[in-house]
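The numbering used here applies: residue 1016 is where the sequence shown begins, and numbers increase by one.
Just so you know, even glycine gets a beta-carbon here, dropped at the ideal spot from N, CA and C.
Comments concern the structure below.
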Amino acid sequence: MTLAINGAAPVRTRPFPAHVTIGEEEKRAVSQVMDSGVLSRFLGAYHEDFLGGPEVRANEAAWAQRFGSQHAISVNSNTSGLYCALGAVGIGPGDEVIVSPYSMSASAVCPLVWGATPIFADVETEHFCLDTASVAAAITDRTKAIVVVDLFGQPYDADGINTLARENGLRVIEDAAQAPGALYGNRPAGTLGDIGVFSLNYHKHIHCGEGGIILTDDDELAERMQLIRNHAESVVAGKGISDLTNMIGFNFRMTEIESAIARCQLEKLDALLEARLENVSYIEEKLSGLPGIVVPAVRHGTRHVYYQHVLLWDTEAADGLHRDDFVAAVKAELPHNELRENEGVKLAAGYVKPLYLLPMFAQRMAMGRNGFPLSDSPQTYAAGLCPAVERLHEEQLFAHEFMLPSMSKPDIDDAMRAFEKVCENLSSVPRTK
Ligand SMILES: *Cc1c(COP(=O)(O)O)cnc(C)c1O
């Protein structure tokens, strides 16, 4: 009885340190905004303040400069940013948008907000982003755009998918929520498609509580996204906008406080990434040679920024032990992170269930009560639709966050001891599958 899952003492019970990136700089910046008395300066009208106050503008300028983009537009979440992006490129009812089944749900659901139909393509078995051949096979004469995701911090196959998009007259929206600072060659993730969107929610590399940043080099798309962010319908007349396609405004504005925090956080990004990448190399060295554990190759010529550190399970090399049983045994050895006790141990079997299995797709019920726009979708939205993602999710992929910058080497050593301990005792892991 050596394994914690069988009742023995775990490797560690003391929680891992909290992942906190907020410090004195952010406190000072917030306090200055508070002292100014102006927490937001946006006006939802054709007016000087249509584009927000000084902190909003300074933050946007900083992001545009950091990523070498013509325009940065701040919004209150990545989700809102995706809505802006699809609205700006003119997506509407009758259109199809190709999306990934392996992502946070917003990446796949965003076309629905404009009445368009999400069409799922499968993912790459080694890099987990949308697979170019599968995307090509999903294109029809109704396809208007592709929402690509830089999943887990690795850029999508930009050469393959952008070429395909160009040949078929499609727009590419890049969901770069998990990849600020990732590179494809020397081009930053977030600038690889027509529009890129980052997230600034707590779980991401850097954050301001909730928030999002959109990047684009296209002046017209930038203007349309600024309009959708801030009550387009009331602004178009004054601004002289004649094409009213999707000029239905929301309120997706970021406040002065969040903007001030986001600007401080952006300055910390490079140091935080460096710590994360160093931890990943340390972890990969420790994991190499453990039976069953495969470290997937990083896409050639890219810089991966490890939102999560993904591993693959080789059931055969582990005497037929199922991944889920292995992961359960490792989790039993380890503690949660401080401030995140309800999230449990930062190790999980699979990522999210393939998104086409969500009730909304299975029941074809999205906008209103008549199934619009899913009822006449050509896709089954049923198990078997994307075999690669299903195999990864059910049998192969597992991911952890023991590479967070808050983890010291001794913390990581504890996490790695748990992997080693279970790998050395594979035959005593209880088999439930
Ligand atoms: C976090 C995340 C989102 C959503 O970001 P919000 O800012 O919370 O709206 C979308 N896509 C991916 C890939 C994400 O990781």
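Is residue i helix, strand or coil by DSSP?
{"i": "arginine 1291", "result": "helix"}
{"i": "phenylalanine 1065", "result": "helix"}
{"i": "histidine 1034", "result": "coil"}
{"i": "lysine 1448", "result": "coil"}
{"i": "alanine 1414", "result": "strand"}
{"i": "threonine 1178", "result": "helix"}
{"i": "phenylalanine 1434", "result": "helix"}
{"i": "tyrosine 1297", "result": "helix"}
{"i": "valine 1053", "result": "coil"}
{"i": "asparagine 1401", "result": "The displayed chain sequence assigns cysteine, not asparagine, to residue 1401. Residue state, collapsed to three classes: coil."}
{"i": "alanine 1277", "result": "helix"}
{"i": "asparagine 1440", "result": "coil"}
{"i": "leucine 1284", "result": "helix"}
{"i": "aspartate 1172", "result": "coil"}
{"i": "alanine 1073", "result": "helix"}
{"i": "alanine 1060", "result": "coil"}
{"i": "alanine 1044", "result": "helix"}
{"i": "proline 1420", "result": "coil"}
{"i": "alanine 1023", "result": "coil"}
{"i": "leucine 1302", "result": "helix"}
Looking only at its chain, what residues have a beta carbon closer than 8 angstroms to the beta carbon of residue i, apart from the 5 residues adjacent to it on each side?
{"i": "leucine 1242", "result": "Val1250, Val1251, Lys1254, Ile1256, Met1262 and Gly1264"}
{"i": "asparagine 1294", "result": "Phe1417, Met1418, Leu1419, Pro1420, Met1422 and Ile1427"}
{"i": "cysteine 1401", "result": "Pro1116, Phe1135, Ala1136, Asp1137, Val1138, Ser1149, Pro1369 and Tyr1371"}
{"i": "lysine 1490", "result": "Residue 1490 lies beyond the residue range present for the chain, which begins at 1016 and ends at 1448; the question has no answer from this structure."}
{"i": "serine 1120", "result": "Val1367, Leu1370 and Leu1373"}
Under the DSSP definition of a beta bridge, which residues are partnered with residue i?
{"i": "aspartate 1479", "result": "Here the chain has residues from 1016 to 1448 only, and residue 1479 is not among them."}
{"i": "tyrosine 1199", "result": "Arg1202 and Thr1317"}
{"i": "histidine 1408", "result": "Note: histidine 1408 sits in no beta bridge, so no partner."}
{"i": "isoleucine 1308", "result": "Trp1328"}
{"i": "threonine 1028", "result": "According to DSSP, threonine 1028 bridges with nothing at all."}
{"i": "threonine 1017", "result": "In the DSSP output, where bridge partners are listed per residue, threonine 1017 has none listed."}
{"i": "threonine 1158", "result": "Glu1111"}
Looking only at C-alpha atoms, which of the options sits nearest to residue i?
{"i": "valine 1048", "options": "Thr1330, Val1071 and Thr1036", "result": "Val1071"}
{"i": "tyrosine 1371", "options": "Lys1283, Val1124 and Asp1391", "result": "Val1124"}
{"i": "proline 1080", "options": "Glu1331, Gly1365 and Glu1282", "result": "Just to set this straight, residue 1080 is glutamine in the shown sequence, not proline. The shortest C-alpha separation from glutamine 1080 is found at Glu1282."}
{"i": "isoleucine 1134", "options": "Asp1428, Asp1064, Glu1435 and Pro1369", "result": "Pro1369"}
{"i": "leucine 1166", "options": "Ala1414, Arg1446, Ala1433 and Glu1439", "result": "Ala1414"}
{"i": "histidine 1034", "options": "His1351, Ser1214 and Asn1093", "result": "His1351"}
{"i": "alanine 1275", "options": "Ser1051, Gly1184, Glu1141 and Gly1022", "result": "Ser1051"}
{"i": "serine 1122", "options": "Ala1403, Ala1192 and Arg1406", "result": "Ala1192"}
{"i": "glycine 1359", "options": "Val1090, Leu1018 and Pro1030", "result": "Pro1030"}
{"i": "glutamate 1405", "options": "Leu1389, Ala1364, Pro1425 and Gln1378", "result": "Ala1364"}
{"i": "leucine 1230", "options": "Arg1239, Gly1224 and Cys1223", "result": "Arg1239"}
{"i": "glycine 1399", "options": "His1220, Ser1084, Cys1223 and Ala1377", "result": "Ala1377"}
{"i": "tryptophan 1129", "options": "His1142, Leu1145 and Asp1110", "result": "Asp1110"}
{"i": "methionine 1269", "options": "Arg1384, Cys1223, Arg1318 and Val1112", "result": "Cys1223"}
{"i": "isoleucine 1188", "options": "Gly1038, Glu1040, Phe1213 and Thr1317", "result": "Phe1213"}
{"i": "alanine 1087", "options": "Asp1232, Ala1403 and Arg1384", "result": "Asp1232"}
{"i": "aspartate 1156", "options": "Gly1038, Lys1424, Pro1393 and Cys1438", "result": "Pro1393"}
{"i": "glycine 1022", "options": "Val1345, Met1375 and Glu1356", "result": "Val1345"}
Excluding the five sequence neighbours on either side, which residues of its own chain have a C-beta within less than 7 angstroms of the C-beta of residue i, listed in chain order?
{"i": "leucine 1327", "result": "Val1309, Pro1311, Gln1411 and Leu1412"}
{"i": "glutamate 1299", "result": "Val1310"}
{"i": "isoleucine 1272", "result": "Val1045, Val1048 and Leu1054"}
{"i": "threonine 1395", "result": "none"}
{"i": "arginine 1181", "result": "none"}
{"i": "leucine 1058", "result": "Asp1064 and Phe1065"}
{"i": "aspartate 1329", "result": "Gly1307 and Val1309"}
{"i": "alanine 1077", "result": "Arg1278 and Leu1281"}
{"i": "glutamate 1141", "result": "Pro1311 and Ala1312"}
{"i": "alanine 1343", "result": "Ile1020"}
{"i": "phenylalanine 1267", "result": "Val1090, Asn1091, Ser1095, Cys1099 and Arg1244"}
{"i": "isoleucine 1176", "result": "Leu1145, Thr1147, Val1150, Ile1161, Val1163 and Val1187"}
{"i": "alanine 1332", "result": "Pro1306 and Gly1307"}
Excluding sequence positions up to five away, which residues of its chain have a Cβ less than 6 angstroms from the Cβ of residue i?
{"i": "valine 981", "result": "This structure does not reach residue 981, given that the chain is present from 1016 up to 1448, and the question cannot be answered."}
Runs of beta strand (DSSP E) lying entirely within the segment 1311 to 1394, each at least 3 residues, in chain order: Annotation: the segment 1311 to 1394 contains the following complete segments of the beta strand (DSSP E) (minimum length 3 residues), in chain order: 1324 to 1328 and 1362 to 1364.
Whole alpha helix (DSSP H) elements within the segment 1217 to 1265, 4-residue minimum: With a minimum length of 4 residues, the continuous alpha helix (DSSP H) runs that stay inside the segment 1217 to 1265 are 1234 to 1244 and 1247 to 1254.
Complete beta strand (DSSP E) runs within the segment 1078 to 1151 (minimum length 3 residues, chain order): Positions of the beta strand (DSSP E) runs, each at least 3 residues long and wholly inside the segment 1078 to 1151, are given as 1086 to 1090, 1111 to 1114 and 1132 to 1135 in order along the chain.
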